[in-house]
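**Student:** So in this note's numbering, the last one in the sequence shown is 567, and the numbering has no gaps at all.
For glycine and all other residues, C-beta sits at the position ideal for the given N, C-alpha and C.
All of these numbers come straight from a predicted model, not from anything done at the bench.
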Amino acid sequence: MKDRIKRRIDAAMGQIPCDLVLRNARYLDVFNLQWTKGDIAWIDGVIVGVEGGLKAARTIDLKGRELVPGFVDAHVHIESSLMTTSNFEKAVLPRGTTTAICDPHELANVIGVGGINYFLDAAEVLSMRLKVMLSSCVPATTFETNGAGEIHVGQLVPLMAREHAIGLAEMMNVPGVLAGEDSVLDKLVGFERAPIDGHSPLLSGQALSAYACTGISTCHEVSRPDEALEKIRKGMAVWIREGSVAKNLATLAPLLNAANSVSMGFCTDDRNPLDIAEEGHIDYLIRGAIARGVPPEVAYRAASLTPARHYRLGRVGAIAPGFDADLVVLSDATQCEVSRVFRMGVPVEELESTRARFVDTGNTIRAHTPLASELTGPAGRVHVIRVESGSLITGHEILNHDSPGVARLSVLERYGKRTPPANGYVIGFGENFRGAIASSVGHDSHNLIVVGKNPDEMRAALAALIDCGGGFCVVGTGGAVLAKLPLPIGGLMTSADPDQVRNALVELRQASRSIGCELPEPFLQLAFLSLPVIPKLKLTDRGLVDVEKFRLISVSA
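1) Any contact between the stretch 265-277 and the stretch 215-224? By contact I mean 3 or more CB pairs, one from each, below 8 Å.
2) Check this for me: beta carbons of THR344 and ILE292, under 8 Å apart or not?
3) With distances taken between CB atoms, is the gap from ALA417 to VAL461 smaller than 8 Å?
4) Identify the continuous alpha helix (DSSP H) that holds PRO388 and give its terminal residues.
5) With the cut-off set at 8 Å, would you say LEU562 and LEU554 are in Cβ contact?
6) Do you know how far the Cα of GLY290 is from the Cα of VAL387?
7) What beta strand (DSSP E) runs, 3 residues minimum, are completely inside the stretch 464-549?
8) Per the DSSP calculation, PRO357 is bridged to which residue(s)?
9) LEU103: which of ASP83, GLY74, GLY298 sits nearest, CA to CA?
10) Between the Cα of GLY208 and the Cα atoms of GLY200, THR278, ALA330, GLU231, which residue gives the shortest distance?
11) Taking the continuous alpha helix (DSSP H) assigned at GLY48, which residues delimit it?
12) Just confirm the distance between the C-beta atoms of LEU295 and LEU259, as a whole number of angstroms; I'd bet it's less than 8 Å.
13) Within the stretch 115-171, note down every full beta strand (DSSP E) run reaching 3 residues or more, in order along the chain.
14) Is it the case that the stretch 433-448 contacts the stretch 513-531, given that we only count it when at least three CB pairs across the two stretches are under 8 Å?
15) Checking the sheet assignment: what are the DSSP bridge partners for ILE447?
16) One question on the structure: do ARG281 and SER91 come within less than 8 Å of each other, judged by their Cβ atoms?
17) Starting from GLU76, trace the beta strand (DSSP E) both ways and give me its first and last residue.
18) Enumerate in chain order the residues of its own chain whose CB-to-CB distance from ILE476 is below 7 Å, with the five nearest sequence positions on each side excluded.
19) Could you work out which residue in LEU166, PRO317, ALA189 is closest to LYS197 when comparing CA atoms only?
20) Measure from the alpha carbon of ILE408 to the alpha carbon of each residue in LEU422, HIS393, SER564, VAL397, then state which is nearest.
21) Whole angstroms are fine: how far does the CA of ASN119 sit from the CA of GLY159?
22) Measure the CB-CB distance between PHE482 and THR94 and report whether it falls below 8 Å.
23) So the alpha helix (DSSP H) VAL308 belongs to, where does it begin and stop?
24) Using a threshold of 7 Å, is the CB atom of LEU43 nearer than that to any non-hydrogen atom of the ligand SAH?
25) Note down the Cα distance separating ASP509 from GLY405, rounded to an integer number of angstroms.
26) Taking the alpha-carbon positions, what's the ARG14 to GLY332 distance?
27) At what residues does the alpha helix (DSSP H) containing THR316 begin and finish?
28) How big is the Cα-Cα spacing for ALA366 and TRP52?
29) Applying the 10 Å Cβ sphere with the 16-neighbour rule, what's the burial state of LYS141?
30) Are VAL557 and ILE544 close, meaning C-beta to C-beta below 8 Å?
31) Here's the rule: buried if 16 or more other CB atoms are within 10 angstroms of the residue's CB, otherwise exposed. What is ASP131?
32) Leaving out five residues before and five after PRO414 in sequence, what residues of the same chain have Cβ atoms less than 7 Å from its Cβ?
33) Do you know offhand how far PRO465's Cα is from LEU419's?
34) Would you report the Cα separation of LYS463 and GLY488, rounded to the nearest angstrom?
35) Applying the criterion that 16 or more other CB atoms from any shown protein chain within 10 Å of the CB defines a buried residue, is THR46 buried or exposed?
36) So who's on the other strand from ALA247, going by DSSP bridges?
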């Protein structure tokens with residue numbers, strides 16, 4: 011270590027050549043929110059100077075183009091990208107995302123602590139910086155069945171000894187926190203010296219104060235301006251989320267300013283490779299924020315220094331001496347047009363391809379295809395889940411089961427318990443929706459979930475998923491499979507190339523539109539209908555959950 015620091019000093023003093031100098035840069039000083047002209051020089055991946063005159067083995071003339079720190083995704087479930095960590099890196103690193111803070115609770119719910127270790131192992135070999143928050147709520151609630159059972163604090167705390175583990179991931183059990191449940195308190199105490207992420211949609215007032223006073227310090231589930239401002243006022247960081255389903259950028263970006271940019275950042279949470287390829291990753295959020303009136307300097311700080319400091323990443327998130335040379339060259343700062351990316355001083359295009367080991371989960375789909383008669387809910391007046399496009403929060407209505415636009419919804423336990431499916435109803439997939447859509451991605455326990463009008467078609471969709479080890483599937487009228495994407499790694503991911511996954515998703519979207527589905531992202535939207543920690547009404551393998559009352563209720567009204 012002493013030798014490395016001495017090399018930095020010597021390079022900064024001009025006594026030895028730097029590895030590379032970016033000359034004639036217009037770089038962002040994220041501390042003062044000002045653009046400054048300079049030459050950015052580094053050695054061994056660490057910036058040693060921003061003044062001119064330093065020698066280097068290699069120089070690049072930026073000719074006045076803008077230079078900003080690498081982007082940080084403040085909260086992401088890589089499993090929701092459907093890709094392995096290596097392919098996730100391949101998709102997002104060239105777009106400027108040099109750091110990601112991940113929560114592996116999707117894979118952890120399927121296979122347990124091994125799912126967390128997969129990401130910790132990957133972090134040791136990936137070119138991008140991957141930091142792992144240790145999953146706090148496996149399972150999310152007692153109203154669902156997962157494959158791993160409960161992960162206890164005694165299994166989590168030892169993982170903090172791993173190099174890339176940095177804290178406790180989103181604490182979704184808000185009722186458990188407010189009730190002071192022993193198992194929840196044990197986790198909060200076990201991580202009291204580390205960052206603890208929150209998950210508290212619409213929580214406010216005294217209850218929010220009680221939640222925040224435990225040390226929980228973030229929320230990425232914010233969907234309203236007043237909610238964001240209260241959480242910031244109470245000392246929490248708010249991560250503006252723009253995933254493939256939950257889209258909060260338009261609502262929250264207008265709040266982001268120079269004063270609160272120390273408490274606001276960006277995250278993708280759950281974003282599929284089609285959206286990454288067509289729209290972008292964190293660059294998309296930055297671009298969208300600027301388009302909504304956020305000063306570029308503020309947007310770039312929120313995308314770099316703010317989350318880096320929150321998660322105690324050290325000298326990350328700024329262009330200054332002693333900081334890692336994670337840099338993004340822009341062709342147009344107001345459009346966040348990424349021209350070139352450097353990771354620890356190495357151009358991304360020159361990095362050696364990394365191939366992180368992916369965990370062999372085997373076939374985790376151990377369910378038997380149910381009879382069509384088992385996929386039929388009660389008739390008459392029923393409680394109905396209303397889907398709102400672009401939101402994870404659902405409505406709660408009471409309608410006749412055969413009202414226009416109402417479809418059947420079933421969740422099938424997939425881990426071999428052999429329990430019958432839970433059946434309910436949903437509205438929002440489209441007035442003319444027919445056929446069926448099924449998924450083994452069913453947050454967070456990832457049981458099989460299927461929506462349709464006809465139980466025979468729903469059964470065909472489930473059978474197709476069981477046959478391929480999980481994934482997404484669209485079935486047309488009559489039961490023919492129109493499109494399918496196998497996800498054999500835990501029923502969540504595939505090792506296929508990102509372009510292959512993208513093409514499969516295009517086919518799935520086209521197929522879903524052909525059967526009358528009106529939702530732009532039906533697969534992940536469907537996946538969240540079984541997550542009983544986000545209001546108002548959800549369906550798990552154990553039944554219909556009134557999230558606001560935090561109890562199972564009858565489907566019949």
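**Tutor:** Put simply:
1) no
2) Counted from its first residue, the sequence shown places residue 344 at position 334. Counted from its first residue, the sequence shown places residue 292 at position 282. In this structure, ILE292 does not lie closer than 8 Å to THR344 by Cβ.
3) Locating residue 417 in the sequence shown gives position 407, where the first residue counts as 1. Locating residue 461 in the sequence shown gives position 451, where the first residue counts as 1. Yes, Cβ-Cβ distance for ALA417 and VAL461 is below 8 Å.
4) Your numbering for residue 388 matches position 378 in the sequence shown. Segment: none, PRO388 is in no alpha helix (DSSP H) and carries neither H nor E.
5) As a position in the sequence shown, residue 562 is number 552, starting the count at 1. As a position in the sequence shown, residue 554 is number 544, starting the count at 1. For LEU562 and LEU554, yes; Cβs fall inside 8 Å.
6) Against the sequence shown, residue 387 aligns to sequence position 377. Against the sequence shown, residue 290 aligns to sequence position 280. The sequence given here has Gly at residue 387, not Val. Roughly 40 Å between the two C-alpha positions.
7) 481-485, 491-496
8) Walking along the sequence shown from the start, residue 357 turns up at place 347. In the DSSP output, where bridge partners are listed per residue, PRO357 has PHE352.
9) The count along the sequence shown starts at 1 and reaches residue 103 at position 93. Of the candidates ASP83, GLY74, GLY298, the one whose C-alpha sits nearest the C-alpha of LEU103 is ASP83.
10) Numbered from 1 along the sequence shown, position 198 holds the residue referred to as residue 208. Here the closest residue by C-alpha is GLU231.
11) On the sequence shown, position 38 is the one that residue 48 refers to. Not the alpha helix (DSSP H): GLY48 falls in the beta strand (DSSP E), residues 44-53.
12) Position 285 of the sequence shown holds residue 295. Position 249 of the sequence shown holds residue 259. Contact flag correct, Cβ pair sits at about 6 Å.
13) 139-144
14) yes
15) Locating residue 447 in the sequence shown gives position 437, counting from the first residue. Answer is VAL461, VAL484.
16) Taking the sequence shown and counting its residues from 1, one reaches residue 281 at position 271. Taking the sequence shown and counting its residues from 1, one reaches residue 91 at position 81. Result yes, Cβ atoms of ARG281 and SER91 sit closer than 8 Å.
17) The sequence position of residue 76 within the sequence shown is 66, counting from 1. 76-79 is the extent of the beta strand (DSSP E) around GLU76.
18) As a first step, residue 476 is located in the sequence shown; it is residue number 466 there, counting from the start. The residues are ILE375, ALA377, THR379.
19) Position 187 of the sequence shown, counted from the first residue, corresponds to residue 197. The shortest C-alpha separation from LYS197 is found at LEU166.
20) Here the question's residue 408 lines up with position 398 in the sequence shown. Comparing Cα-Cα distances from ILE408 to each of LEU422, HIS393, SER564, VAL397, the minimum goes to HIS393.
21) Start at 1 with the first residue of the sequence shown, and residue 159 comes out as number 149. Start at 1 with the first residue of the sequence shown, and residue 119 comes out as number 109. Answer to the nearest angstrom: the Cα atoms are 7 Å apart.
22) If you number the sequence shown from 1, residue 482 lands on position 472. If you number the sequence shown from 1, residue 94 lands on position 84. Not a contact, by the Cβ cut-off of 8 Å.
23) Taking the first residue of the sequence shown as 1, we reach residue 308 at position 298. It spans 306-312 - the alpha helix (DSSP H) in which VAL308 sits, taken as one unbroken run.
24) As far as ligands go, the structure on display features none, and thus does not contain the ligand SAH.
25) The residue given as residue 509 occupies position 499 in the sequence shown. The residue given as residue 405 occupies position 395 in the sequence shown. Looking at the two C-alpha atoms, the distance is approximately 35 Å.
26) Residue mapping note: residue 14 aligns to position 4 of the sequence shown, counting from 1. Residue mapping note: residue 332 aligns to position 322 of the sequence shown, counting from 1. Straight-line Cα distance between these residues: approximately 12 Å.
27) What you label residue 316 is simply residue 306 of the sequence shown in a count that begins at 1. 315-320 is the span of the alpha helix (DSSP H), which, as asked, contains THR316.
28) Residue mapping note: residue 366 aligns to position 356 of the sequence shown, counting from 1. Residue mapping note: residue 52 aligns to position 42 of the sequence shown, counting from 1. If you take the alpha carbons of ALA366 and TRP52, they lie about 28 Å apart.
29) Here residue 141 refers to the residue found at position 131 when the sequence shown is read from its first residue. Buried, by the Cβ-count rule.
30) Taking the sequence shown and counting its residues from 1, the one referred to as residue 557 is at position 547. Taking the sequence shown and counting its residues from 1, the one referred to as residue 544 is at position 534. In contact: VAL557 and ILE544 (Cβ atoms closer than 8 Å).
31) Indexing the sequence shown from 1 puts residue 131 at position 121. By the neighbour-count rule (16 or more Cβ atoms within 10 Å), ASP131 is buried.
32) Counted from its first residue, the sequence shown places residue 414 at position 404. Counting only Cβ-Cβ distances below 7 Å, and skipping sequence neighbours, we find GLU441.
33) The residue given as residue 465 occupies position 455 in the sequence shown. The residue given as residue 419 occupies position 409 in the sequence shown. Cα-Cα distance, rounded: 10 Å.
34) Your numbering for residue 463 matches position 453 in the sequence shown. Your numbering for residue 488 matches position 478 in the sequence shown. Computed Cα separation, rounded: 11 Å.
35) As a position in the sequence shown, residue 46 is number 36, starting the count at 1. Looking at its Cβ environment, which holds fewer than 16 other Cβ atoms inside 10 Å, THR46 is exposed.
36) Numbered from its first residue, the sequence shown carries residue 247 at position 237. According to DSSP, ALA247 bridges with THR228.
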